[in-house]
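Below: the structure, in structure tokens.
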């Protein structure tokens, strides 16, 4: 487990979303010998679900995750119902694409609320309802904790410990974690919580790097090896628990990688995955 398996490299389509449409990303991954892809819902909708599935299957790519469901909290019962309806549609789309899991960014404070504990309770309730739909269908749900800087607007689940607690509360069947190094590398409990998750809960592993300085909290992620994250140690930690899934590159980079030739980006992903993951 010293070196990463190059066959397990996957590209989250956010990494190339400014340069290429989804059909181009699919073709590009196949051309560069990359075997995994994780598409975003808006890109799938632009291409068409059936066409996206057809193209992915034609290149024998594995859909390592589908981005994304979640955003459970709402100010009213109607808002929460609409969110749940949309999450059910996301489950259906993930099934059509034969995705390994539906990745959940759970949502933050609704509207002008300051009730963080209340938002987290809404997340648990929304998850419980969605599991009633996803479990019989056979679509695993992967809770992705986001860095605390996103607690207000994107995700009030911010640590692997919180995500593990939700799995304890709601049950492991069809529920687990997406470990994104960008969001979790800083956590002093990181490795203990990876061990706590174990093989069953580890559903996805996302890679990029944390730049110093970071100029934008959303759109200034680094390419692997350009920042301060010990990605290889984290990869070894999840694999020590039995994780044998893909290593999914997810880079939002307005000033750098989104402005580069996409073929160069894919080649760099392959090279940096080999050297730094």
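Numbering (the numbering used here), first residue to last: 25 to 301. Yeah, the Cβ is synthetic: ideal placement off N, Cα and C, and Gly gets one too.
For residue i, which beta-bridge partners are listed by DSSP?
i	result
residue 136	DSSP output for residue 136 lists no bridge partner at all.
residue 64	91
residue 131	179
residue 33	271
Kindly indicate which three-state DSSP category residue i falls into: helix, strand or coil?
i	result
residue 125	coil
residue 25	For residue 25, the predicted model reports a pLDDT of 49, less than 50, meaning its position is unreliable; a value from the coordinates is still stated below. Coil.
residue 235	coil
residue 230	strand
residue 271	strand
residue 253	coil
residue 375	Residue 375 falls outside the range modelled here, since the chain spans only 25 to 301, and no answer is possible.
residue 201	strand
residue 86	strand
residue 182	coil
residue 38	helix
residue 44	coil
Assuming residue i contacts residue j (C-beta within less than 8 Å), just tell me the rounded distance between them.
i	j	result
residue 73	residue 54	About 19 Å; that fails the 8 Å criterion.
residue 216	residue 88	With 8 Å as the limit, residue 216 and residue 88 do not qualify as a contact, their Cβ atoms being about 25 Å apart.
residue 41	residue 71	Between residue 71 and residue 41 the Cβ distance is about 12 Å, and since that is not below 8 Å, they are no contact.
residue 77	residue 108	That pair is no contact at about 24 Å.
residue 135	residue 99	5 Å
residue 223	residue 185	The Cβ separation is near 18 Å, so there is no contact.
residue 230	residue 211	Not a contact, Cβ separation roughly 15 Å.
residue 236	residue 251	7 Å
Considering only their Cβ atoms, is the gap separating residue j from residue i smaller than 8 Å?
i	j	result
residue 193	residue 129	no
residue 289	residue 36	no
residue 143	residue 180	yes
residue 227	residue 125	yes
residue 220	residue 188	yes
residue 97	residue 146	yes
residue 159	residue 198	yes
residue 249	residue 296	yes
residue 69	residue 286	no
residue 234	residue 253	yes
residue 152	residue 202	no
residue 247	residue 208	no
residue 163	residue 115	yes
residue 304	residue 299	With the chain running from 25 to 301 in the structure shown, residue 304 is simply not present.
residue 241	residue 173	yes
residue 294	residue 119	no
residue 150	residue 112	no
residue 50	residue 83	yes
With 8 Å as the threshold, decide whether the Cβ of residue i is near any Cβ in chain B.
i	result
residue 157	Looking for chain B here will not work: only one protein chain is present.
Mind pulling the beta strand (DSSP E) runs of 3 or more residues that sit fully within the stretch 135-178?
165-167
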